[in-house]
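Under the numbering used here, the residues of the sequence shown are numbered 32 to 120, in order. C-beta: ideal position from N, C-alpha, C; glycine also.
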Amino acid sequence: MTTLLIILESTGDTPWILLLGPAGAVGVYWGLFRYYRNTDKSHAFERETLIESKPITGTDQKVDEVRGTRRSSIDGDNVRNHRQRVRRW
Numbered sequence: 032m033t034t035l036l037i038i039l040e041s042t043g044d045t046p047w048i049l050l051l052g053p054a055g056a057v058g059v060y061w062g063l064f065r066y067y068r069n070t071d072k073s074h075a076f077e078r079e080t081l082i083e084s085k086p087i088t089g090t091d092q093k094v095d096e097v098r099g100t101r102r103s104s105i106d107g108d109n110v111r112n113h114r115q116r117v118r119r120w
């Protein structure tokens, strides 16, 4: 370590090389942050999908009961169509 410092002090023009490590780390961090957060591709999802909420009305009726593993799925499930919209009344 002392040899490296002696070499850097003797040349005089290379202390800037010590700044490359932290600058590179900041650059990598910023690049990964922008890649995973998609901050430059934001489309204001919260504002575009805003809905007015209304009080809950209606009743529930028990239709069927699934116990154990005789039937592993429920009729009418939307497992394969996870983007199916909820019907609003």
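Margin query: Quick check on DSSP: helix, strand or coil for V110?
Written below: coil
Check: Of the residues R98, R101, G99, V94, which one's Cα is nearest the Cα of G107?
Finding: V94
Margin query: Along the chain, where does the alpha helix (DSSP H) containing P53 start, and where does it finish?
Written below: 51 to 68
Checklist line | Reduced DSSP secondary structure (H/G/I, E/B, other) of E79 | finding: helix
Margin query: Check this for me: beta carbons of S104 and V110, under 9 angstroms apart or not?
Written below: yes
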